[in-house]
Amino acid sequence: MENKLQELTQKLYNEGVEKANQEADKILTDAKSEALKIMQDAEKEAKAIVTKAEQRASEIQKITASEIQLAAKQTLRTVKQQITELIISKVIDEPVKKSFDDTKFVKEIIETAVKNWNPQKHETIDLSILLPAKLEKEFTDYFKEKSGRELNKNLELTFSESIKGGFKIGPADGAYKISFTEEDFENFFKSFLRAKTIELLYQGE
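No gaps in the numbering here: position 189 of the sequence shown is 189 in my numbering, and each next residue is one more.
And the structure:
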């Protein structure tokens, strides 16, 4: 009886141990399988992150290269424009300013404009001339003497600080004014020369 009990106890023990070992093996297998899946998922996610980062880096590189190229073109365009303006200013601004600082030259232009304002010359036309304020005394004295004696015109002289050189002329009723200012001549010559200057400096580009 005692032997049978011992055999039964041993059998139960062996079955329990075997079952425990099986369960342990299953748990270990499941754990390994889960760990492998986690590792595979992690590797997949890591590859996706790397791929996305590489794509983003490529996009940033392209955008940066494009922006650098655009900035370089804009800088070059600005430099060309500044060089062109500098050359044109040297060629035009100084000579024009010098010419309009010559009051004798300005007087001759005004006299020519006044004498030829009405080619028929059978009637007197009242004219208004706007001149630089800095020349008020000189031109007032000059045209007081000149107008009645030679020009046969009634001239109204006005002066303004806004005009640095040259003059504006038109009918005394203010219907219109024709401008012969220093700025007018500078702008005219600059617009005329700018395209040619660019063509000469940067031909073939």
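Ideal Cβ placement from N, Cα and C applies to all residues, glycine included. None of the values given here were measured: they were computed from a predicted structure.
Residue i, enclosing alpha helix (DSSP H) - first and last residue
i, result
"Lys164", "Unbroken run through Lys164: none, as it is neither H nor E."
Helix, strand or coil at residue i according to DSSP, with G and I counted as helix
i, result
"Asp173", "coil"
"Ile198", "helix"
"Thr158", "strand"
"Phe180", "strand"
"Lys168", "strand"
Exposure of residue i, with buried meaning 16 or more beta-carbon neighbours within 10 Å
i, result
"Pro95", "exposed"
"Gly166", "buried"
"Leu131", "buried"
"Leu70", "exposed"
"Glu34", "exposed"
"Thr158", "exposed"
"Phe105", "exposed"
"Glu43", "exposed"
"Thr181", "buried"
"Ile49", "exposed"
"Phe192", "exposed"
"Val114", "buried"
"Phe188", "exposed"
Assumed close pair residue i, residue j - CB separation to whole angstroms, cut-off 8 angstroms
i, j, result
"Glu161", "Asp93", "With 8 angstroms as the limit, Glu161 and Asp93 do not qualify as a contact, their Cβ atoms being about 20 angstroms apart."
"Thr112", "Glu138", "Incorrect: roughly 18 angstroms between the Cβ atoms, too far for contact."
"Pro171", "Leu127", "6 angstroms"
Along the chain, which unbroken stretches of the alpha helix (DSSP H) at least 4 residues long are found entirely within the segment 53-134?
Complete alpha helix (DSSP H) runs here, min 4: 94-101, 103-115.
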